[in-house]
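Numbered per the working numbering, the sequence shown finishes at 395, counting up by one with no gaps.
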Amino acid sequence: MLIAVTSSDGIHIDTHFGKAERFLVYEVGSDAPLLVHEVAADAYCNWSILLPDMAPEQFAEAVKGMQECADSPPAHRMMPEKLAAIATALGGCRVLVTVMIGEAPQVELERLGISVYAISGPIGKVLPEVARLH
């Protein structure tokens with residue numbers, strides 16, 4: 262079974278879904294989880310778009326988007342196209358484990374066929390437990 266995780270160090274599940282710029286995909290079976298590949302992605306809540314040479318109207322729109330992304334549901338701006346791109350990039354991976362995820366992105370990912378678990382901890386310990394749930 263393939264399971265994707267959000268991790269800053271490849272050891273712990275410790276990254277919020279909205280800030281993840283990569284997903285580590287593991288094969289989980291009877292042995293210890295095995296890293297299969299890494300999927301690079303634009304962070305769902307990408308606040309790095311602010312550039313010093315940005316026009317005032319672009320800056321205002323970027324700040325508005327950042328605030329919408331930071332607000333808790335239901336104010337969280339839904340970006341289904343970004344979620345669809347992440348789901349596609351994860352390929353055959355039908356499970357995602359992340360330390361935290363907003364309600365709207367979680368519901369949309371589940372609609373796209375990806376089960377989401379919000380759990381923190383060591384990858385080697387958490388993934389076998391999640392695999393048992395499936």
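No residue lacks a Cβ here, since even glycine has one placed at the ideal position from N, Cα and C.
All figures in this text were calculated on a predicted structure; none of them were measured in a lab.
Between which two residues does the beta strand (DSSP E) holding residue i run?
i              : result
arginine 283   : 283-288
valine 356     : 356-359
isoleucine 347 : Per DSSP, isoleucine 347 belongs to no beta strand (DSSP E); it is in the alpha helix (DSSP H), 341-350.
alanine 379    : 376-379
Does the Cβ of residue i have 16 or more other Cβ atoms within 10 Å, making it buried, or fewer, making it exposed?
i             : result
glutamate 364 : exposed
arginine 372  : exposed
valine 266    : buried
glycine 279   : buried
glutamate 342 : exposed
glutamate 299 : exposed
leucine 296   : exposed
serine 333    : Since pLDDT at serine 333 reaches only 44, below the 50 mark, its modelled position is unreliable, and the value read off the structure follows with that caveat. Burial call: exposed.
histidine 395 : exposed
Can you tell me which of the options puts its alpha carbon nearest to the alpha carbon of residue i?
i             : options                        : result
arginine 393  : Pro341, Leu370, Val289         : Val289
valine 356    : Leu285, Ser291, Asp303         : Leu285
glutamate 390 : Phe278, Pro294, Gly279, His298 : Pro294
aspartate 275 : Met262, Pro383, Leu388         : Pro383
valine 360    : Leu388, Ser291, Met262         : Leu388
serine 230    : Ala301, Leu351, Ile347, Val368 : Residue 230 cannot be examined here, being either before or after the span of the chain that is shown, 262 to 395.
Grab the span of the alpha helix (DSSP H) containing residue i for me, first residue to last.
i           : result
leucine 296 : Where leucine 296 is concerned, there is no enclosing alpha helix (DSSP H), although the beta strand (DSSP E) it sits in stretches over 295-301.
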